[in-house]
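4 protein chains.
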Amino acid sequence: MGDEALREAVWRANQAIVEAGLVTLSFGNASGVDRDRGVMLIKPSGVAYAELRPEDIVAVGLDDGRVVEGNLRPSSDTPTHLELYRAFGCGGIVHTHSETASAFAQARLPIRCMGTTHADHFRGDVPVTRDLTREEVEGEYERNTGLVIVERFREGGLSPEEVAAVLVANHGPFTWGKDAFEAVEHARVLEYVARMEATVRAIAPDAARPAAFLVDRHFLRKHGKAAYYGQR
Amino acid sequence: MGDEALREAVWRANQAIVEAGLVTLSFGNASGVDRDRGVMLIKPSGVAYAELRPEDIVAVGLDDGRVVEGNLRPSSDTPTHLELYRAFGCGGIVHTHSETASAFAQARLPIRCMGTTHADHFRGDVPVTRDLTREEVEGEYERNTGLVIVERFREGGLSPEEVAAVLVANHGPFTWGKDAFEAVEHARVLEYVARMEATVRAIAPDAARPAAFLVDRHFLRKHGKAAYYGQR
Amino acid sequence: MGDEALREAVWRANQAIVEAGLVTLSFGNASGVDRDRGVMLIKPSGVAYAELRPEDIVAVGLDDGRVVEGNLRPSSDTPTHLELYRAFGCGGIVHTHSETASAFAQARLPIRCMGTTHADHFRGDVPVTRDLTREEVEGEYERNTGLVIVERFREGGLSPEEVAAVLVANHGPFTWGKDAFEAVEHARVLEYVARMEATVRAIAPDAARPAAFLVDRHFLRKHGKAAYYGQR
Amino acid sequence: MGDEALREAVWRANQAIVEAGLVTLSFGNASGVDRDRGVMLIKPSGVAYAELRPEDIVAVGLDDGRVVEGNLRPSSDTPTHLELYRAFGCGGIVHTHSETASAFAQARLPIRCMGTTHADHFRGDVPVTRDLTREEVEGEYERNTGLVIVERFREGGLSPEEVAAVLVANHGPFTWGKDAFEAVEHARVLEYVARMEATVRAIAPDAARPAAFLVDRHFLRKHGKAAYYGQR
Chain V
2 MGDEALREAV WRANQAIVEA GLVTLSFGNA SGVDRDRGVM LIKPSGVAYA
52 ELRPEDIVAV GLDDGRVVEG NLRPSSDTPT HLELYRAFGC GGIVHTHSET
102 ASAFAQARLP IRCMGTTHAD HFRGDVPVTR DLTREEVEGE YERNTGLVIV
152 ERFREGGLSP EEVAAVLVAN HGPFTWGKDA FEAVEHARVL EYVARMEATV
202 RAIAPDAARP AAFLVDRHFL RKHGKAAYYG QR
Chain W
2 MGDEALREAV WRANQAIVEA GLVTLSFGNA SGVDRDRGVM LIKPSGVAYA
52 ELRPEDIVAV GLDDGRVVEG NLRPSSDTPT HLELYRAFGC GGIVHTHSET
102 ASAFAQARLP IRCMGTTHAD HFRGDVPVTR DLTREEVEGE YERNTGLVIV
152 ERFREGGLSP EEVAAVLVAN HGPFTWGKDA FEAVEHARVL EYVARMEATV
202 RAIAPDAARP AAFLVDRHFL RKHGKAAYYG QR
Chain C
2 MGDEALREAV WRANQAIVEA GLVTLSFGNA SGVDRDRGVM LIKPSGVAYA
52 ELRPEDIVAV GLDDGRVVEG NLRPSSDTPT HLELYRAFGC GGIVHTHSET
102 ASAFAQARLP IRCMGTTHAD HFRGDVPVTR DLTREEVEGE YERNTGLVIV
152 ERFREGGLSP EEVAAVLVAN HGPFTWGKDA FEAVEHARVL EYVARMEATV
202 RAIAPDAARP AAFLVDRHFL RKHGKAAYYG QR
Chain Y
2 MGDEALREAV WRANQAIVEA GLVTLSFGNA SGVDRDRGVM LIKPSGVAYA
52 ELRPEDIVAV GLDDGRVVEG NLRPSSDTPT HLELYRAFGC GGIVHTHSET
102 ASAFAQARLP IRCMGTTHAD HFRGDVPVTR DLTREEVEGE YERNTGLVIV
152 ERFREGGLSP EEVAAVLVAN HGPFTWGKDA FEAVEHARVL EYVARMEATV
202 RAIAPDAARP AAFLVDRHFL RKHGKAAYYG QR
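Protein chains in written order, with my numbering: chain V, 2 to 233; chain W, 2 to 233; chain C, 2 to 233; chain Y, 2 to 233.
Structure (C-alpha cells):
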C-alpha cells in the first residue's frame, strides 16, 4: 500500500468509527503503519471528526514518534499506539471510548467469551490491564499505557493475533488487526459483544462460559488454515 | 411462487433483517424453500449485505445440500437450515445474532412468555437447546446444530407451528415461518420480546408468567380457525 | 372539530406513535371521539401503518360499537377504547406495546412517580390493573380489559385527569388525553419515564419516591388554574 | 460577542441539545449571558424546539430577571439559571431531562468519576443536591433550585470550574461552561458517562473509583496551564 493509499485508509478508518456509533465528541482515534518506511499515520489531536481531511492525518516515526509529515500535532495517544506496533505484529490500531466496552473497563471486568459472536472474532476473553501506578501515570503516561497492555498479554500468555483487543482499566478499549479496517471491525464487534455480556451479567449473574471446543470451532472456522467461512 | 420470485423473496428477507437492526457486520442469514423442486435458497457465506444481489443467492438441494444454482458458496449455516426444513413444515428460516436474543442464548435462559406481545406470535416460552457435545461440535457441527434444535422440540413436546423460534445455547436465535418474510417477522418480534424480558428480569426477578388462558387467547386471536385479528 | 378534521387527527395520531418509536410491526392504535355525534374513530385491525390512509380510519358508534363509516374492520381493541370513553371524560386514546412500559406491565409493577419529568404529566404512579379472570379472558376479553382499567381507577380513588395512563397487566399501556394528540404525548412521556424508572430500579433498588409537594408543584405548574408553564 | 451573535449562539445551543438526543418533547433549555450588559438570554417557556426561531430567545436582566427584550415569556427555569450565573463565573448553562442523568437524579445517586471519559471533562463525581424543603418548593421554587445547587458546591468544597455539572434531586441535570456551547458539550458528556456508570452499577456493584492521580492527569491534560491535548 502506497503512502497516499495508507493515508486515505487511516482517514477512512477514523470516519468509520464515527459512523459505527463508537465515538462521541472527539474521543478515539485510528492509526495504520507502514513498517517498510518505519512510519505510523494517526489522527491529529482534538480535531472534530466532521472537519477531518485526509491531509490532516499525521505521520510519525515508528522508532522515535517524531512527526515526519503533517502540520498538526498527532493524537495524544500516539505513544500508546507506538508501543503496540512495536510489540505486536499488527497493521492498524483503533482506540475508542465506546460506551459499553468502556463501562467494562471502568468496572475492571473482562468481556468474557460467552458465545459464538465473540468466538468468531476473539479466541477467549478480552482482558483488562492492571491499574497504572502513580509513577506510570505521572511519568510517560501514554507510553506506559501501551506498556501495560503488552505486559498483560505477555504475562497472561495471550496471543495478540487470537485476541486482538484489550480494555485499559478505567479508560477504554484498544483493538488492532492486520490493517486499520480490521481494527475498526474488531472495535465494532467488541462493543457489540460487550452489550450482550452486560445483558448476560444482568439477567444471569451465574452463567458459565461455553466449552473451549465451541470457541475454538468458531474462531478456527474464520481464521487460519482450516477456515471454511466466506468465499475462498 | 416461481424460481425468480423465491430468489427475490429470499434476497429481500436478507435485506429486511439488516433494515430491522437485527444484523451487525455479516452475521445472520435468511433462506426459503421450494419443496416441489426440492431446493433451498440461501445467502452466500460471508458476503456483505450491502453488496448482496438477488443473483448471489445460492440454491442447494434439500436432500443433499449440493449447490444446484449459483457461483458462490452457500452460508456455512446451510446444514442447520436443511435439518430444520426436513423436520419442520416451514417455508422460510432466519438466523441472526440479534443482540438481546443472543444474550439470552449466551445466558442459556429461555425467553419466557410474559405477556401478550409474545403470545400474539409464540404460544409459550422460546426454548434454549442443550449444549452440543465435543463430538457434535468437532464433527458435522452445523448439521448437529439443526439436530439439537429438532431434538429440543421433539423431547419438549413443542410444536414448531406454535413456537416458531429457538435459541441455540451460546450462539443465537433461529426463527421460521410459512415463508421467509414470516420468519423475518418472527425474528423481529423475538428480539423485541427479548428486550422486554431482559427488563423484566432486571426490575422484577420474581415476576411470574401470566395465566395460560391469556396466552391462548392472544395466540388464537391471530392464528387458526377462530382468529379474529386483522382484515379477513 | 368537524368529521374530516377528526379523521385526519386520528390518522395523524396513528402515524405519530410510529414516528415516536412506540410501535413495532402493527402493534398499537390511536382513536378519537366525537361525543356530539356519538362516534369513535379508530385504526382498522392489523393494517400496516405504512399503508394506512385517512380514509381507512373506521367510525363506530360510541354506544353500540357498530361500524357507521368505513370498509374495514375496526381494531380488535375497539371495545377497550369504548369502555374508557364511556367512563372517562377523555377525547383521545392511545394503546401501544412500547418496549419499557410494556415490560413494567409484564412485571406487574407500577411506574412510580420518581421525579419531575413524570410529575409534569402524571400526578402520581401509573398503576397496573389486576389480572383478568379466566371468565373475563374467555368472554368479552377486550371489553373486560376496559372494565378492569376503569375498576382500577375507581377502586384506587385515582383521577383519570390527573393520571392519564395505565398498564394492563401482562399486556401494555393505554394513555388518554383531551384529544388524540395529547394521548400520543402521554404515551411518549410514559415510555420515557418507564425507561428512567427501569434504570432507577437497576441502580438503586431502595430509592424512595420524592415528596408529594414536589409532585404537586410540577403537575400544577402545567395543569389547572394556577399553571404558569408555557405561553398563556 | 455582540447581541446578535449571543442570541444566535443561544438559539443554536437550544437546537444542539435536541440534535444530541438530550431532549424529549419540550423539556430542557439553554441560556447564555452577557455580563457587560447584565443580561441573560434564554429559551421561551414551553415552545416546541422545531418552531423556535432566534428572535424568540428572551433577554432578561441578570439582576432582576425582568424581560428586557422579546415578546414571549422566558423559560420557567429562568430563576434557576440566574442564581447559577450570580454564583458561578460561567457564560452558558444547559438544563435537560436527559434520560440516564435524570435517572441518577431520581435515584439520588451521584455520577461517580469511574474513568477517563468522565475525568477528561469533570474532575470528580457529579454531585446530587439535597431535597428541597416544603417551604422551598412551595415558595420561590425555581430560584430555590438554583440556591440548593450553589449550596451543594459551597458546602461540598467543590469548584464549579472543575465540576461543571450537577444533578438536582428527583429532577435532572444542569451543566455550565464558558459559553452555551461548552455547556452543551458538558450535557452530552454527562449523559454519556451516566449511561456508562449505570452499566457499571449493574454489572459490578462493588467496583471502586480509579485513583485520584489518574483523574487529575486526564483533567489536567485538557484543562489549565499544563494542558497538552488538542491543537494549541
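Each residue gets a CB set at the ideal place from its N, CA and C atoms; glycine is no exception.
**Request:** Would you mind stating whether V:Met-197 and W:Ser-27 have Cβ atoms separated by less than 8 Å?
**Result:** no
**Asked** Nearest chain Y C-beta to V:Asn-15 closer than 8 Å, yes or no?
**Response** no
**Request:** Return yes when the Cβ of Y:Thr-79 is within less than 8 Å of the Cβ of Y:Ala-195, no when it is not.
**Result:** no
**Request:** For C:Leu-7, name the three-state secondary structure that DSSP assigns.
**Result:** helix
**Request:** Could you tell me which uninterrupted beta strand (DSSP E) segments, each at least 3 residues in length, are contained entirely in the stretch 132 to 173 of chain C, listed from first to last along the chain?
**Result:** 166 to 169
**Asked** Pick from C:Val-201, C:Asp-132 and C:Val-40: whose alpha carbon is nearest that of Y:Ala-106?
**Response** C:Val-201
**Prompt:** Does the beta carbon of W:Gly-22 sit closer than 8 Å to a beta carbon anywhere in chain C?
**Reply:** no
**Prompt:** Are there 16 or more other CB atoms within 10 angstroms of the CB of C:Asn-15, so buried, or fewer, so exposed?
**Reply:** buried
**Prompt:** In chain V, what lies closer than 7 Å to W:Tyr-142 by C-beta?
**Reply:** Arg-218
**Request:** Taking 8 Å as the threshold, find out whether the stretch 44 to 54 of chain Y comes into contact with the stretch 116 to 133 of chain Y through three or more Cβ pairs.
**Result:** no
**Item:** Beta carbon proximity, Y:Glu-100 to chain V, threshold 8 Å
**Value:** no
**Asked** Are there 16 or more other CB atoms within 10 angstroms of the CB of V:Ser-160, so buried, or fewer, so exposed?
**Response** exposed
**Where the stretch 171 to 186 of chain Y meets chain V: residues whose CB sits under 9 Å from a CB there** = Glu-186
**Request:** Rounded to whole angstroms, what's the CA-CA distance from C:Ser-77 to C:Ile-18? Just pull it up for me.
**Result:** 18 Å
**Item:** Identified DSSP bridge partners for V:Phe-175
**Value:** V:His-96 and V:Val-167
**Request:** Pick helix, strand or coil for Y:Val-1, following the three-state DSSP scheme.
**Result:** This structure gives no information on residue 1 of chain Y, because the portion of chain Y shown stretches from 2 to 233.
**Prompt:** Going by DSSP, which residues form a beta bridge with Y:Asn-30?
**Reply:** Y:His-96
**Request:** Mind checking who V:Gly-231 pairs with in its DSSP beta bridge?
**Result:** In the DSSP output, where bridge partners are listed per residue, V:Gly-231 has none listed.
**Asked** Secondary structure at C:Pro-55, three-state DSSP: helix, strand or coil?
**Response** helix
**Asked** Where does Y:Pro-80 sit, in a helix, a strand or coil, going by DSSP?
**Response** helix
**Request:** Could you tell me which residues DSSP puts in a beta bridge with V:Pro-45?
**Result:** V:Pro-75
**Message:** Any beta carbon of chain C sitting closer than 8 Å to that of Y:Asp-132?
**Reply:** yes
**Prompt:** What residues match up with Y:Asp-35 in a beta bridge as DSSP calls it?
**Reply:** Y:Val-40
**Item:** Sequence-distant residues of its chain with Cβ nearer than 6 Å to C:Ala-241 (five each side left out)
**Value:** The question about residue 241 of chain C has no answer, for chain C in this structure spans 2 to 233.
**Item:** C-beta atoms of Y:Ala-166 and Y:Ala-31 nearer than 8 Å
**Value:** no
**Prompt:** Is C:Ala-21 helix, strand or coil when you go by DSSP?
**Reply:** coil
**Item:** Residues that V:Gln-232 contacts on chain W, provided the C-beta gap is smaller than 9 Å
**Value:** Pro-45, Ser-46, Gly-47, Val-48, Leu-73 and Arg-74
**Prompt:** Since W:Val-127 and W:Leu-191 are thought to touch, with beta carbons under 8 Å apart, how far apart are those beta carbons, to the nearest angstrom?
**Reply:** 6 Å
**Message:** Need the endpoints of the beta strand (DSSP E) that V:Val-129 sits in, please.
**Reply:** Taken as a continuous stretch (DSSP letters only), V:Val-129 belongs to no beta strand (DSSP E), as it is neither H nor E.
**Whole-Å CB distance - Y:Ala-205 paired with V:Leu-110, under 8 Å assumed** = 6 Å
**Request:** Express the C-alpha separation of V:Ile-112 and W:Gly-29 in angstroms, rounding to a whole number.
**Result:** 22 Å
**Message:** Would V:Val-129 pass as an interface residue toward chain W - the criterion being a Cβ-Cβ separation below 8 Å?
**Reply:** no
**Message:** Is the beta carbon of V:Leu-63 closer than 8 Å to that of V:Gly-39?
**Reply:** yes
**Asked** Going by C-alpha distance, which of W:Arg-13, W:Ala-49, W:Thr-176 and W:Glu-5 is nearest V:Gly-231?
**Response** W:Ala-49
**Alpha-carbon to alpha-carbon, C:Phe-89 and C:Lys-179** = 10 Å
**Request:** For chain V, find out if any of its Cβ atoms is closer than 8 Å to the Cβ of Y:Leu-215; answer yes or no.
**Result:** yes
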